[in-house]
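See structure below.
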Amino acid sequence: MFFASNGHLGLGLLDIFVSKYEKGEFQEPINLGAPINTPYDDFSLIYFNDSEGFFSSNRKNMDDDVYYFQQIGEIFPKEYITSFEIKDFASDAYIPMSSIVIYTEDNNVFYETQFDSLAKLELKLFPGKYNFKGFADNYKTKTIPVLVGETENQNFVLYLNRNTESEPNQKVVDSTYNSEFSRTDIVNREAEKTEITVVNYKDEPSNEKVKEELLKDPENPPVVQKGEKLFFELPPIYFDYDKWNIRSDSKKVLDELALKLEKYESIHIKINAHTDSRGTDGYNQLLSYKRAESTRNYLALVGYVNARRMKFEGFGESQPIIDCETKNCTEEDHQQNRRSEFEIIKY
30 MFFASNGHLG
40 LGLLDIFVSK
50 YEKGEFQEPI
60 NLGAPINTPY
70 DDFSLIYFND
80 SEGFFSSNRK
90 NMDDDVYYFQ
100 QIGEIFPKEY
110 ITSFEIKDFA
120 SDAYIPMSSI
130 VIYTEDNNVF
140 YETQFDSLAK
150 LELKLFPGKY
160 NFKGFADNYK
170 TKTIPVLVGE
180 TENQNFVLYL
190 NRNTESEPNQ
200 KVVDSTYNSE
210 FSRTDIVNRE
220 AEKTEITVVN
230 YKDEPSNEKV
240 KEELLKDPEN
250 PPVVQKGEKL
260 FFELPPIYFD
270 YDKWNIRSDS
280 KKVLDELALK
290 LEKYESIHIK
300 INAHTDSRGT
310 DGYNQLLSYK
320 RAESTRNYLA
330 LVGYVNARRM
340 KFEGFGESQP
350 IIDCETKNCT
360 EEDHQQNRRS
370 EFEIIKY
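Quick note on the numbering used here: the sequence shown kicks off at 30 and runs consecutively.
Structure follows, in C-alpha cells:
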C-alpha cells in the first residue's frame with residue numbers, strides 16, 4: 030500500500046510511504062526517499078504498469094505538478110538469513126551471557142539481545158551494510174562492519190579478547206632466580222575483591238612484603254543540579270532543523286561523555302531530547318524520540334558505552350529553553366531548543 034503522510038519521519042511535510050501487507054497486518058512503513066520525496070508536499074502516487082507511474086508534488090513552483098517516475102529494482106529487497114556468533118579469542122568457545130547489538134549503516138539499532146549459554150543468533154536481513162557489536166563482562170567491547178547479501182547463509186563471528194585491566198597479572202615471579210625487583214605494583218581496576226597468595230620455597234632465602242590497598246578516585250564526576258535532577262556538566266548537543274543525525278560539533282561532546290562514563294562505571298544516564306516549536310505536536314514528539322535514539326546509538330556504537338546503562342526519551346516541544354510560542358524567535362533561539370541533555374539517573 031502506498032500512502033502520503035506527515036505522521037512518520039520523513040524529509041518534511043507530506044512524504045510518500047509504502048507498507049507491505051504480511052501475515053494479516055501491514056508492516057512498518059518505508060519512506061520512498063529522494064528523489065520521490067522532498068521537503069515539500071509529495072503525494073498521490075499511482076502505477077500505470079508494473080514499473081512506471083505518476084505522483085504529485087508542490088516542489089519548485091509550489092503548484093502541485095504531476096511527475097513521471099520509473100521504478101528501478103525492488104521496493105522490498107530479498108531478505109537473507111544471516112548468523113552472528115560471539116566467541117572467546119583464545120579458546121574459540123562461545124561466551125555465555127554476552128550481548129549483541131546490530132546497527133544499520135546510519136547507526137540505528139536494528140536488533141539487540143543478551144545471550145544465555147549459546148552466543149549465536151540468526152536474523153533475516155535486507156542486503157546492505159551493518160555494524161556488529163559484541164560485549165561481555167571482563168571482555169573488551171568490539172564492533173566490526175559486515176556486508177549482508179553477498180552470498181546465502183552468511184555467518185559472522187566476532188572474537189572478543191579478555192579485558193586485562195579487569196583481570197590483572199595474578200603472579201609476580203622471578204622464575205630464573207637471576208633478576209631482582211624491589212617493588213611491583215598490580216592495579217585491579219574493576220574487581221571488588223582481590224585474593225593475594227604468596228608462594229615461596231623452603232630451601233631459598235626470601236623476603237616478601239605484600240601490601241593491599243584500596244585506591245579510591247578522589248574526583249567526583251562533574252555534575253550540575255537542575256531542580257531535583259542531576260546532569261553531567263556538559264553542554265547539550267544540538268540538531269539541525271527537522272534532523273536527528275549527530276553533527277560533527279556534537280560528536281566532540283559525546284566523545285567526552287563516553288570517556289566520563291568509562292571512568293565512572295556506576296553511573297547510568299537518561300538522554301532527554303527536544304525539538305523547537307515548529308511542526309505538529311505529534312511529529313515533534315516522534316522527532317525528539319529519534320534524536321534521543323540517535324544520541325544513544327552514537328554513545329553505544331562509537332563510544333562503546335553499554336546500552337543497558339542508558340535510557341532515552343523524547344519530549345517533543347514541551348520543554349523549551351526559549352518559549353517561542355509567546356515571542357518571535359530567531360533561528361538562533363530555535364536552535365537552543367533542538368537539543369539532547371544528559372540526566373544522571375543512577376549514581
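Positions of the beta carbon are idealized from the N, C-alpha and C atoms, including for glycine.
Out of curiosity, what's the CA-to-CA distance linking residue i and residue j?
i: Leu316; j: Ala122; result: 42 Å
i: Phe46; j: Phe31; result: 6 Å
i: Tyr312; j: Leu42; result: 10 Å
i: Glu361; j: Gly39; result: 24 Å
i: Phe72; j: Phe144; result: 44 Å
i: Val282; j: Asp117; result: 33 Å
i: Arg325; j: Pro174; result: 19 Å
i: Lys289; j: Asn357; result: 38 Å
i: Lys299; j: Arg338; result: 9 Å
i: Leu263; j: Lys280; result: 12 Å
i: Glu291; j: Asn167; result: 14 Å
i: Asp44; j: Gly157; result: 24 Å
i: Asn184; j: Ser112; result: 5 Å
i: Phe161; j: Asn90; result: 45 Å
i: Ser186; j: Val334; result: Here the sequence assigns Val to residue 186, which means Ser is not the residue at that position. Using only the alpha carbons, I get a separation of about 21 Å.
i: Gln314; j: Ile75; result: 31 Å
i: Leu152; j: Met126; result: 19 Å
i: Asn192; j: Phe139; result: 27 Å
i: Gly53; j: Thr67; result: 31 Å
i: Val253; j: Leu286; result: 14 Å
Which residue marks the beginning of the alpha helix (DSSP H) containing residue i, and which one marks its end?
i: Asn301; result: Here Asn301 belongs to no alpha helix (DSSP H); instead the beta strand (DSSP E) covers 297 to 302.
i: Arg325; result: 310 to 330
i: Ala287; result: 277 to 292
i: Glu360; result: 360 to 366
For residue i, count neighbouring Cβ atoms within 10 angstroms of its own Cβ and tell me buried if that reaches 16, exposed if not.
i: Ile59; result: exposed
i: Gly36; result: exposed
i: Phe77; result: exposed
i: Ser34; result: exposed
i: Asp79; result: exposed
i: Arg368; result: buried
i: Leu176; result: exposed
i: Thr304; result: buried
i: Pro265; result: buried
i: Ile124; result: buried
i: Asn190; result: exposed
I believe residue i touches residue j by the beta-carbon criterion, under 8 Å. Please report the beta-carbon distance rounded to the nearest angstrom.
i: Glu108; j: Leu154; result: 6 Å
i: Tyr96; j: Tyr132; result: Actually they are not in contact, since the Cβ atoms of Tyr96 and Tyr132 sit about 34 Å apart, beyond 8 Å.
i: Gly343; j: Asp310; result: Rounded, the Cβ-Cβ distance is 12 Å, inconsistent with contact.
i: Glu114; j: Ala148; result: 6 Å
i: Tyr267; j: Gln348; result: About 15 Å separates the two Cβ atoms, so there is no contact after all.
i: Lys340; j: Ile374; result: 7 Å
i: Thr172; j: Leu330; result: 6 Å
Hey, quick one: how far does the beta strand (DSSP E) through residue i stretch, first residue to last?
i: Gln254; result: 252 to 255
i: Asp44; result: 44 to 47
i: Ser128; result: 128 to 133
i: Ala119; result: Careful: Ala119 lies outside any beta strand (DSSP E) and carries neither H nor E.
i: Phe260; result: 258 to 261
i: Met339; result: 339 to 343
Please work out which residues of its chain come closer than 7 Å, Cβ to Cβ, to residue i, disregarding the five sequence neighbours upstream and downstream, and give them in chain order.
i: Asn182; result: Ile110
i: Lys245; result: Note that Lys245 scores a pLDDT of 43, beneath 50, so its modelled location is shaky; the value from the coordinates is reported in the next line. Excluding residues within five positions, none has a Cβ falling inside 7 Å.
i: Pro106; result: Phe155, Pro156
Please work out which residues of its chain come closer than 8 Å, Cβ to Cβ, to residue i, disregarding the five sequence neighbours upstream and downstream, and give them in chain order.
i: Ser323; result: Asn136, Asn137, Trp273, Asn274, Ile275
i: Tyr376; result: Leu259, Ser295, Ile296
i: Phe55; result: Met30, Ser48, Lys49
i: Thr142; result: Ser128, Ile129, Leu150
i: Asp93; result: Asp70, Ser85, Ser86, Asn87
i: Ala321; result: Ile300, Asn301, Ala302, Phe341, Glu342, Gly343, Ser369
i: Gln99; result: Ser80, Glu81
Checking contacts by CB at 8 Å: is residue i closer than that to chain C?
i: Phe161; result: In the displayed structure, chain C is absent; only one protein chain is listed.
What does a CB cutoff of less than 6 Å around residue i pick up in its chain, not counting 5 residues either side in sequence?
i: Gly178; result: Tyr109, Pro156
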